[in-house]
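Going by our numbering, the sequence shown opens with residue 1202, and the numbers climb by one from there. The structure appears below as structure tokens.
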Amino acid sequence: MIKSILMILCLSSIFTSDENIDTTQWDKVIDAIIQVESRGNPNAYNKSSGATGAMQIKKIVVDDCNEYLEKLKKKRRFTYEDRWDVQKSKEMFVLIQMRYNKTNDIEKAARIWNGGCCYKKESTDEYYRKFLNFYNKEG
């Protein structure tokens, strides 16, 4: 019951009237991920994977976010170009966490970002170690 109430509060609080998404609860995690993914470069591009921007987002993540927004009956949608925008990338991260990490577990957040919603722990171990190095350096 309490978990359900917290989830409802979380869902209602992340969207303002113009449907922007509050990323502040994830700032430290996001900052560490940005360092792992691109060393903070908002213009980063991985030619082999097609991942772009500071958070190295693939098109499938944008599609996943839009599908989830539709499920939530929100009008907001992201474009592939939004991957280059750091704030919009952070908002996509939050949506992915809302969808696949209902407990807001930090380790799970990093592993999902690297390996997708069905990640394998052993496949994301190296990424998670890199993430922790940056996460533990943050103030």
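Glycine residues also receive a C-beta, built at the ideal position from the N, C-alpha and C atoms. These figures come from a predicted structure and were not determined experimentally.
Give the single residue among the options whose Cα lies nearest to the Cα of residue i.
| i | options | result |
| --- | --- | --- |
| residue 1267 | 1254, 1283, 1257, 1253 | 1283 |
| residue 1357 | 1227, 1249, 1258 | What the structure shows of the chain is the stretch from 1202 to 1340, and residue 1357 is not part of that stretch, so it cannot be assessed. |
| residue 1332 | 1320, 1247, 1232 | 1232 |
| residue 1317 | 1228, 1248, 1261 | 1261 |
Which residues in the same chain as residue i place their Cβ atom closer than 8 angstroms to its Cβ, once the five residues preceding and following it in sequence are excluded?
| i | result |
| --- | --- |
| residue 1263 | 1279, 1280, 1281, 1283, 1284, 1293 |
| residue 1215 | Note that residue 1215 scores 49 on pLDDT, short of 50, meaning its location in the model is unreliable; the coordinates nonetheless yield the value given after this. These residues qualify, in order along the chain: 1222, 1223, 1295, 1299. |
Compute the distance between the beta-carbons of residue i and residue j, then report whether it is under 7 angstroms.
| i | j | result |
| --- | --- | --- |
| residue 1255 | residue 1235 | yes |
| residue 1237 | residue 1307 | no |
| residue 1315 | residue 1325 | yes |
Please report the Cβ distance between residue i and residue j, rounded to the nearest whole angstrom; I am assuming they are in contact, meaning their Cβ atoms lie under 8 angstroms.
| i | j | result |
| --- | --- | --- |
| residue 1322 | residue 1330 | Not really, about 12 angstroms apart at Cβ, beyond 8 angstroms. |
| residue 1302 | residue 1309 | 5 angstroms |
Closer than 6 angstroms by C-beta to residue i: which residues in its own chain qualify, once you throw out the five before and the five after it? Chain order, please.
| i | result |
| --- | --- |
| residue 1213 | With a pLDDT of only 45 at residue 1213, under 50, the local geometry of the prediction cannot be trusted, and no value is derived from it. |
| residue 1245 | 1239 |
| residue 1336 | 1233 |
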